[in-house]
Amino acid sequence: MGRPIFFLVNDQEQALRELAGVLDRRFGADYQILSERSPDTALTALAQLAASSETVALLIGAPRMADKDGVEFLVRAHELHPGAKRVLLIGRGEWASASAHPAVRAMILGQIDSYLFDPVGEVERWLYLPVSELLAEWASSQPPGFEAVRIVGLAGQVRAHELRDFFTRAAIPYRFHAAGTEAGQALLAELGQDGSRLPVLVFYNGQALVDPSNAELAEQLGFRRRPPAGTCDVAVVGGGPAGLAAAVYAASEGLQTLVLESEILGGQAGTSSLIRNYLGFPRGLSGQDFTNRAVEQAWLFGANFVS
């Protein structure tokens, strides 16, 4: 397998060449930039790539081509490469007819993941930034290159599921091994465990925990478990969207702010794969990204968090 692929399709040769060129200049060291003018030829090439287990990260198509609609192409291409992010090109002069634009319906129906402006214009803002954000989303769906935690447990075990959910929402890369698999048995043997107590967690520093409580887990990860000494001006109970917003506003006014959360920051919104109706994020953002941004923002204003 080679580098992950950007696959571009546009029957306008000059526009296709220009887009491929600017993408190659920024991303060419880490990704292959492939392009085709014909959607049907592109689908044939994508099928061959799928058969050879090549990875496609982005699929970018023009909205209207001579022999196929761009959305239809992206839908069919996604069947061949379901992990790829689907992007539709949008003409800059097409905003007036938003209700009739194919991108609007396609986004509503989940047929595309995002859009890019054509012509691009200022590439740093209108091309490289949204493409980088899409790649970050794509990378988060790939097997992690670094595993902060390895978990051995039973596939249907409630606690094992809770731990996996915890690490996912906390953006901590992990790998789960079912106890009955060869990898699971090898890891248990390495730790001197017989599997009678599960789940077993091994952290990147070699520290192991057997069926840990939430308090033990928080301590191992370095989360603060007790409020700092002294007093605060505002105590926010609950670290969901409303609690995090309150923490940002209070801390930004110079108030000593403390956020108390019994589980994972972000609340129900933190579990969402995509939030599209939040002001200022037209392409949407994941619950994980939303939570991380809000926590970081509150922290930069001086808020304290206690788990």
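Counting in our numbering, the sequence shown runs from 267 upward without gaps. Glycine is no exception: its CB is placed at the ideal position from the N, C-alpha and C atoms.
Candidates the options, of which the one nearest residue i by Cα
{"i": "Thr497", "options": "Val525, Asp431 and Glu482", "result": "Val525"}
{"i": "Glu529", "options": "Ser407, Pro329 and Gly504", "result": "Gly504"}
{"i": "Gln423", "options": "Leu464, Ile374, Trp392 and Ser380", "result": "Leu464"}
{"i": "Gly446", "options": "Gly419, Asp431 and Glu456", "result": "Gly419"}
{"i": "Val337", "options": "Phe567, Pro368, Ala313 and Ala308", "result": "Pro368"}
{"i": "Leu382", "options": "Glu390, Pro396, Met373 and Ala372", "result": "Pro396"}
{"i": "Leu510", "options": "Ser539, Arg342, Glu519 and Gly533", "result": "Gly533"}
Reduced DSSP secondary structure (H/G/I, E/B, other) of residue i
{"i": "Glu448", "result": "helix"}
{"i": "Gln278", "result": "coil"}
{"i": "Asp384", "result": "strand"}
{"i": "Asn543", "result": "coil"}
{"i": "Gly327", "result": "strand"}
{"i": "Glu390", "result": "helix"}
{"i": "Gln522", "result": "coil"}
{"i": "Leu510", "result": "helix"}
{"i": "Gly411", "result": "coil"}
{"i": "Arg490", "result": "coil"}
{"i": "Tyr470", "result": "coil"}
{"i": "Arg416", "result": "strand"}
{"i": "Leu475", "result": "strand"}
{"i": "Arg549", "result": "coil"}
{"i": "Arg269", "result": "coil"}
{"i": "Arg463", "result": "coil"}
First through last residue of the alpha helix (DSSP H) which encompasses residue i
{"i": "Phe339", "result": "Gly336 to Leu346"}
{"i": "Glu482", "result": "Asn480 to Gln486"}
{"i": "Asn558", "result": "Gly553 to Leu566"}
{"i": "Gln314", "result": "Pro305 to Ala317"}
{"i": "Arg430", "result": "Val424 to Arg435"}
{"i": "Leu395", "result": "Leu395 to Ser406"}
Cβ separation of residue i and residue j, assumed to be a contact under 8 Å, to the nearest whole Å
{"i": "Leu429", "j": "Ile417", "result": "6 Å"}
{"i": "Val476", "j": "Val386", "result": "Wrong, their Cβ atoms sit about 54 Å apart, outside the cutoff."}
{"i": "Val353", "j": "Ile326", "result": "5 Å"}
{"i": "Ala564", "j": "Ala495", "result": "The pair is not a contact, with the Cβ atoms about 20 Å apart (cut-off 8 Å)."}
{"i": "Arg559", "j": "Gly550", "result": "Actually they are not in contact, since the Cβ atoms of Arg559 and Gly550 sit about 13 Å apart, beyond 8 Å."}
{"i": "Ala484", "j": "Trp404", "result": "Not really, about 30 Å apart at Cβ, beyond 8 Å."}
{"i": "Arg269", "j": "Gln298", "result": "5 Å"}
{"i": "Gly461", "j": "Leu467", "result": "That pair is no contact at about 14 Å."}
{"i": "Leu457", "j": "Ala474", "result": "5 Å"}
Residue i vs residue j beta-carbon contact at 8 Å
{"i": "Glu345", "j": "Ile271", "result": "no"}
{"i": "His443", "j": "Ala436", "result": "no"}
{"i": "Ala569", "j": "Gly553", "result": "no"}
{"i": "Ala517", "j": "Phe567", "result": "yes"}
{"i": "Leu355", "j": "Asp384", "result": "yes"}
{"i": "Leu521", "j": "Val500", "result": "yes"}
{"i": "Ala350", "j": "Asp277", "result": "no"}
{"i": "Phe273", "j": "Leu309", "result": "no"}
{"i": "Leu340", "j": "Gln377", "result": "yes"}
{"i": "Val275", "j": "Ala328", "result": "yes"}
{"i": "Arg491", "j": "Ser573", "result": "yes"}
{"i": "Phe469", "j": "Ala426", "result": "no"}
{"i": "Arg303", "j": "Leu285", "result": "no"}
Beta strand (DSSP E) segment containing residue i, residue limits
{"i": "Ile584", "result": "Because the chain here runs from 267 to 573, residue 584 falls outside it and cannot be looked at."}
{"i": "Gln298", "result": "Gln298 to Glu302"}
{"i": "Ile356", "result": "Lys351 to Gly357"}
{"i": "Asn570", "result": "Asn570 to Val572"}
{"i": "Ala501", "result": "Val500 to Val503"}
Distance cut-off 7 Å: residue i Cβ against heavy atoms of the ligand FAD
{"i": "Glu428", "result": "Here there are no bound small molecules, and the ligand FAD is not part of this structure."}
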